[in-house]
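Data first, discussion second: the structure below is written as structure tokens.
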């Protein structure tokens, strides 16, 4: 019985390695961490992740935790959330944090980059409508900057507004001061990322 259970686990881990890019050793370590967080249960809840003390001072704590329960990040190709996740879903989300392998084609690297950017986009598109609205963006900037204690909420709001206007001008061209910008779509997000990437090179 024990040998067949071990072979089944090894086969399952190999399947997960093929789908996530983690090594068998990494999957074993992540399985131990999953079991520790879930208190040896088969599923993990938001409360289990909220108990991670390393997240306590992270201004993106809520977004990070929510990302684990967002169906868009679980490769389910649908919007919405789940209440609990199993080990496979845990790995799917963790794979977004994994660095790109050294020996992959440029096409594979671009696909991986796009998946990671989609993950980041999903963290800020909190209503899953395919657009990061000005309000969602303001909330993210305010959380990041005002929790540092050095910048007030009004300053953070002004920074968010200016950044959104910059995105609008990058993706749509010059805008009039009274023109309303609906928000950032994923394609806009990619376009801005490419502009940043080219300006760094």
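Residue numbers (UniProt numbering): 1 to 201.
A virtual CB, placed ideally from N, CA and C, is assigned to each residue, including glycine.
For residue i, does the three-state DSSP call read helix, strand or coil?
i           : result
residue 183 : strand
residue 125 : coil
residue 190 : helix
residue 82  : coil
residue 151 : coil
residue 60  : coil
residue 38  : coil
residue 9   : helix
residue 104 : coil
residue 52  : coil
residue 2   : Because the pLDDT at residue 2 is just 43, under 50, the model does not fix this residue reliably, and the value given afterwards should be weighed accordingly. Helix, per DSSP.
residue 118 : helix
residue 75  : coil
residue 98  : coil
Bridge partners of residue i, per DSSP?
i           : result
residue 161 : DSSP lists no partner for residue 161.
residue 24  : According to DSSP, which records beta bridges pairwise, residue 24 is partnered with nothing at all.
residue 45  : 84
residue 132 : 184
residue 70  : 81
Express the C-alpha separation of residue j and residue i in angstroms, rounding to a whole number.
i           : j           : result
residue 164 : residue 137 : 8 Å
residue 142 : residue 14  : 42 Å
residue 125 : residue 152 : 24 Å
residue 188 : residue 182 : 12 Å
residue 115 : residue 44  : 23 Å
residue 19  : residue 140 : 31 Å
residue 47  : residue 27  : 23 Å
residue 190 : residue 66  : 22 Å
residue 155 : residue 119 : 27 Å
residue 29  : residue 168 : 43 Å
residue 129 : residue 135 : 13 Å
residue 192 : residue 40  : 43 Å
residue 244 : residue 108 : A question about residue 244 goes unanswered here, because the residues of the chain that appear run from 1 up to 201.
My assumption, with CB atoms under 8 Å, is that residue i sits in contact with residue j. Please give the rounded CB distance.
i           : j           : result
residue 100 : residue 91  : About 17 Å; that fails the 8 Å criterion.
residue 87  : residue 22  : No, residue 87 and residue 22 are not in contact; Cβ-Cβ is about 12 Å, not under 8 Å.
residue 185 : residue 131 : 6 Å
residue 63  : residue 102 : Going by Cβ atoms, the distance from residue 63 to residue 102 rounds to 29 Å, so no, they are not a contact pair.
residue 69  : residue 85  : 6 Å
residue 37  : residue 49  : 7 Å
Would you decide whether residue i is buried or exposed? Buried here means 16 or more other CB atoms lie within 10 Å of its CB.
i           : result
residue 97  : exposed
residue 10  : exposed
residue 56  : exposed
residue 74  : buried
residue 72  : buried
residue 1   : Its pLDDT being 43, under 50, residue 1 is placed unreliably by the model, and the measurement read from it follows with that caveat. Residue 1 is exposed by the Cβ-count criterion.
residue 160 : buried
residue 106 : exposed
residue 206 : Shown here, the chain extends from 1 to 201; a query on residue 206 therefore has no answer.
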